[in-house]
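Below: the structure, in structure tokens.
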Ligand SMILES: [Zn+2]
């Protein structure tokens, strides 16, 4: 009522991501994330940047601090964070605005 269907979708996406971040169950983690991403697509809801940075876009898992690598590189355009997923090995480069 308060926000309409789209607002409800935002709440649900956030709830699913929260669940994925807090559960110890790997299967539940993945399912919750996959559902959150799917919902965000079908309702055109944006996943907040701080949360989307924590999710590997390839295998849809939360980056694990024990398995993933984080490197900071200094390039021509400023600083660049290079994230390597500990699960699928995909590399993601995130530019950091100075
Ligand atoms: Zn991955």
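Numbering (this note's numbering), first residue to last: 30 to 127. Even glycine gets a Cβ: it sits at the ideal position worked out from N, Cα and C.
Proximity below 8 Å, CB of residue 41 to CB of residue 68: Counting from 1 along the chain shown, the entry for residue 41 is found at position 12. Counting from 1 along the chain shown, the entry for residue 68 is found at position 39. Cβ atoms of residue 41 and residue 68: closer than 8 Å.
Given residue 44 as reference, the closest of 71, 73 and 80 once Cα atoms are compared: In the chain shown, the residue the question calls residue 44 occupies position 15. By alpha-carbon distance to residue 44, the top candidate from 71, 73 and 80 is 80.
Expected contact under 8 Å - CB spacing of residue 99 and residue 110 to nearest Å: Counted from its first residue, the chain shown places residue 99 at position 70. Counted from its first residue, the chain shown places residue 110 at position 81. Rounded, the Cβ-Cβ distance is 7 Å, consistent with contact.
C-alpha gap between residue 55 and residue 33, whole angstroms: Stepping through the chain shown from its first residue, residue 55 is reached at position 26. Stepping through the chain shown from its first residue, residue 33 is reached at position 4. Roughly 32 Å between the two C-alpha positions.
Distance, residue 52 Cα to residue 93 Cα: Against the chain shown, residue 93 aligns to sequence position 64. Against the chain shown, residue 52 aligns to sequence position 23. Their backbone Cα atoms lie some 13 Å apart in a straight line.
Where residue 51 falls: helix, strand or coil (DSSP): For the purposes of this step, residue 51 is taken as residue 22 along the chain shown, with counting starting at 1. DSSP places residue 51 in helix when its eight states are reduced to three.
Uninterrupted alpha helix (DSSP H) stretches inside the region 39-112 (no shorter than 4 residues): 55-71 and 78-81
Contacting residues, own chain, Cβ-Cβ under 7 Å from residue 97 (five flanking each side not counted): In the chain shown, residue 97 corresponds to position 68, counting from 1. Excluding positions up to five away in sequence, the list reads 112, 113, 114 and 115.
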